[in-house]
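Undergrad: Dropping a structure here in structure tokens format, bear with me for questions.
Residue numbers (our numbering): 61 to 351.
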């Protein structure tokens with residue numbers, strides 16, 4: 061089967077065709093529309109090799125819909141195969157070499173629904189960080205003016221409207237009310253995201269099953285489902301744990317084996333990953349106590 065490596069970009073796509081291992085028979089640079097036609101004009105099934113980066117899943121879905129095979133490789137595993145300088149041409153050659161290595165597991169092409177679910181979590185996290193930034197900004201200004209504020213976020217937001225009207229902040233009062241309006245807007249956006257996730261929860265069997273596990277709620281269940289996709293692609297729970305980054309770092313040589321802390325090198329967002337690790341530890345402790 062012919063193998064084609066593609067270095068994806070915003071408007072220019074470098075393509076390298078290989079029929080035999082180590083031999084590139086044709087190189088092409090295409091724009092977006094020409095690349096789309098290039099995929100559609102392939103008469104026989106082709107294995108497309110791309111780095112798992114922006115737009116890779118879109119192009120992967122398009123190629124799969126036309127009967128082709130798609131192999132998405134993590135850029136971290138492609139980099140060691142690149143020779144000398146970083147160019148689009150060398151990146152394509154590196155992808156062709158990395159695709160030959162059977163020890164490198166490709167990244168599954170995400171479905172449109174799975175990708176949108178991840179983007180929904182990304183939007184919520186972005187608004188959450190923006191809200192936290194505004195709250196910390198207000199706390200700092202109030203503290204500099206000698207005004208004490210409640211410690212909890214809920215109590216602080218409830219009392220902030222009165223706090224920013226203190227005489228010490230008379231010059232900034234109007235602007236600080238704008239910051240409060242931004243916080244309220246971000247909370248509304250986060251609430252809308254959670255409503256969307258609840259509707260998703262009602263339609264997805266995997267999310268509902270995860271939600272039944274003690275300690276796992278809607279956010280963790282949906283984030284894990286969006287990241288993992290089809291759990292049956294893992295042979296056992298050990299592989300899933302390693303993929304999530306719930307395994308320790310290892311520093312071993314010869315007869316000496318040293319294990320470090322949990323790596324957290326997983327593909328779930330950091331907040332949900334920490335929750336999963338914490339829940340796993342709790343369940344392990346419960347099993348030990350009940351034996």
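Just so you know, even glycine gets a beta-carbon here, dropped at the ideal spot from N, CA and C.
(1) What do you get for residue 181, buried or exposed, if any count of 16 or more other CB atoms within 10 angstroms of its CB means buried?
(2) Under the assumption that residue 68 contacts residue 116 (Cβ atoms under 8 angstroms), give the Cβ distance between them as a whole number of angstroms.
(3) Could you say if the stretch 120-127 and the stretch 135-151 meet the contact criterion of at least three C-beta pairs nearer than 8 angstroms?
(4) Can you give me the start and stop residues for the alpha helix (DSSP H) that residue 201 sits inside?
(5) So, at 8 angstroms on beta carbons, what are the nonlocal neighbours of residue 199 in its own chain, with the 5 sequence-adjacent residues on each side left out?
(6) Under the three-state reduction of DSSP, which class applies to residue 322: helix, strand or coil?
(7) How many Å lie between residue 136 and residue 161 at the Cα?
(8) Tell me which residue opens and which closes the alpha helix (DSSP H) that residue 95 is part of.
(9) Under 6 angstroms Cβ to Cβ from residue 141, same chain only, skipping five residues before and after it: list those, please.
(10) Once you ignore the five residues that flank residue 294 on each side, which residues in its own chain have a CB closer than 6 angstroms to its CB?
(11) Could you tell me which residues DSSP pairs with residue 67 in its beta bridges?
(12) Using DSSP's beta-bridge definition, name the partner residues of residue 88.
(13) Using the C-alpha atoms, what's the distance from residue 249 back to residue 129?
(14) When you compare the CB positions of residue 89 and residue 109, do they come within less than 8 angstroms of one another, or not?
(15) Taking residue 70 as the reference, which of 279, 111, 303 and 92 has the closest Cα?
(16) When burial is assigned at 16 or more other CB atoms within 10 Å of the CB, is residue 272 buried or exposed?
(17) For residue 221, name the three-state secondary structure that DSSP assigns.
TA: Straight from the coordinates:
(1) buried
(2) 6 angstroms
(3) no
(4) 172-204
(5) 209 and 216
(6) strand
(7) So the alpha carbons of these two residues sit roughly 14 angstroms apart.
(8) 92-100
(9) Within its own chain, the residues whose Cβ lies closer than 6 angstroms to the Cβ of residue 141, once the five positions on either side in sequence are excluded, are 154, 157 and 158, listed in chain order.
(10) For residue 294, where only same-chain residues beyond five positions count, the Cβ hits under 6 angstroms are 300.
(11) Residue pairing for residue 67: DSSP places it in a beta bridge opposite 74.
(12) 75
(13) 39 angstroms
(14) no
(15) 92
(16) exposed
(17) helix
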